[in-house]
Every structure is written in structure tokens, then in C-alpha cells.
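Asks:
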Amino acid sequence: MLWPFGKKKNGAEDARHRAGKWGEQQAERHLRGLGFGILARRFRVGRRDEIDLIARDGDTLVFVEVKTRASEEFGAPIASVKGGKRHALSRAAIRYMMQMRSKPDYFRFDVVEVIGAEGRGTPEIRHTPNAFTLHPDYNVPW
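Per the numbering used here, the sequence shown starts with residue 15, numbered consecutively.
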């Protein structure tokens, strides 16, 4: 039986949760290699919304969704970032920016795909900057 936050009753993390954390670590390493500054990891806004990574690329605030898959047998990982996920990420991003003292002039949503598994060699990493725009339900209030 799984308990909240991907934990089993005995405290062990389930395989999906571990794979997701591993993928986020790979994505962070990749972004740092590109010169990004990492501001936050797994930033939770409210009960439902979580942003995998928040980074800075020059003067641009970047909200990063990381999708990890062992293979592309069922399609590209980025294909799973659809309307509902984009809506939730937009809501979380606006809420995050509202908490900032100095509001950013520029922000974007990137997707990093990590294809591989821990202990199975070097994963393939694909970074798609500006993968989608702010959901139309939301406006930048400043």
C-alpha cells in the first residue's frame, strides 16, 4: 500500500518516485552545465501544484518540467505535458512570482526529457526551451 508522497508503509520510496528524483537530478546537472542557476527544486505551491525546477537563465526566470522515462516505447516524454499539466504549471508559476519581491521581466516554461534509468549508463537528455506559453486562464498581474 502506498502512502502520500510516494512512500510505502515501510518508508521505502516506490520505483516511480525514485526514477523521478533521479531524472530531476540529471536535468539539474544538465542545466547547470548550460550555465543556469538553480533557485528551487520540487517547489510546491498549495496541495496540488509542484514545479520540478526553478532556474535562472541570464535575466529570464525558467520554470522547468522534467519528464523521465526508461524508454520511448510509449512515445516522447514531452508529449505528456498537455493542457491540464500546462494549466497547473502556469498557476504554480504565477503564484511563485507573486511571492517574489522583485518581479521578473522575463519568464518561460522549459521541458527537460530524461530517457534512461539509474545504473544503466548515460541517459539521453533533451532540453526544450520555451516549450509552451502561459495558459490563457492566467495573466501576469504586473
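The beta carbon of each residue, even a glycine, is placed where N, CA and C say it ideally should be.
1. Closer than 6 Å by C-beta to leucine 75: which residues in its own chain qualify, once you throw out the five before and the five after it? Chain order, please.
2. With DSSP as the reference, please indicate the residues paired to arginine 81 in a beta bridge.
3. So what's leucine 48 in DSSP terms, helix, strand or just coil?
4. Name the one or two DSSP bridge partners that arginine 55 has.
5. Excluding five sequence neighbours on each side, which residues of the same chain lie with their C-beta closer than 6 Å to the C-beta of arginine 140?
6. Short of 8 Å in beta carbon distance, which residues of its chain neighbour serine 94, apart from the five on each side in sequence? Order them along the chain.
7. With the cut-off set at 7 Å, would you say isoleucine 65 and leucine 53 are in Cβ contact?
8. Cβ of leucine 148 within 7 Å of Cβ of serine 104?
9. With 16 other CB atoms within 10 Å as the buried threshold, where does tyrosine 110 fall?
10. Quick test of your reading: arginine 83 and phenylalanine 146, contact by CB under 8 Å. State the CB separation rounded to the nearest angstrom.
11. Taking buried to mean at least 16 other C-beta atoms within 10 Å of its own C-beta, is glutamate 138 buried or exposed?
12. Can you look up histidine 149 in the DSSP assignment and give me helix, strand or coil?
13. By a C-beta neighbour count over all protein chains shown, 10 Å radius and 16 as the cutoff for buried, is arginine 29 buried or exposed?
Replies: If we stick to the structure as given:
1. Within the sequence shown, residue 75 is the residue found at index 61, counting from 1. Non-local beta-carbon contacts of leucine 75 in its own chain, meaning distances under 6 Å to residues more than five positions away in sequence, involve Pro118 and Phe121 in chain order.
2. Here residue 81 corresponds to residue number 67 of the sequence shown, with the count starting at 1. Correcting the residue identity first, residue 81 is lysine in this sequence and not arginine. Its beta-bridge partners are Glu127.
3. On the sequence shown, position 34 is the one that residue 48 refers to. Of the three classes helix, strand and coil, the one that applies to leucine 48 here is coil, per DSSP.
4. Taking the first residue of the sequence shown as position 1, residue 55 is located at position 41. Answer by DSSP bridge pairing, in chain order: Leu67.
5. If you number the sequence shown from 1, residue 140 lands on position 126. Answer for arginine 140: Glu127, listed in chain order.
6. Stepping through the sequence shown from its first residue, residue 94 is reached at position 80. Lys81.
7. Your numbering for residue 65 matches position 51 in the sequence shown. Your numbering for residue 53 matches position 39 in the sequence shown. Contact flag unset, no.
8. In the sequence shown, residue 148 corresponds to position 134, counting from 1. In the sequence shown, residue 104 corresponds to position 90, counting from 1. Contact flag set, yes.
9. Indexing the sequence shown from 1 puts residue 110 at position 96. Classification for tyrosine 110: buried.
10. Counting from one through the sequence shown, the residue named residue 83 turns up at place 69. Counting from one through the sequence shown, the residue named residue 146 turns up at place 132. Contact flag wrong, Cβ pair sits at about 19 Å.
11. The count along the sequence shown starts at 1 and reaches residue 138 at position 124. Answer is exposed; the Cβ neighbour count stays below 16.
12. As a first step, residue 149 must be located in the sequence shown, where it is residue number 135. Coil, per DSSP.
13. By one-based count along the sequence shown, residue 29 stands at place 15. Before going on, a small fix: residue 29 reads as alanine here, not arginine. Under this definition alanine 29 is an exposed residue.
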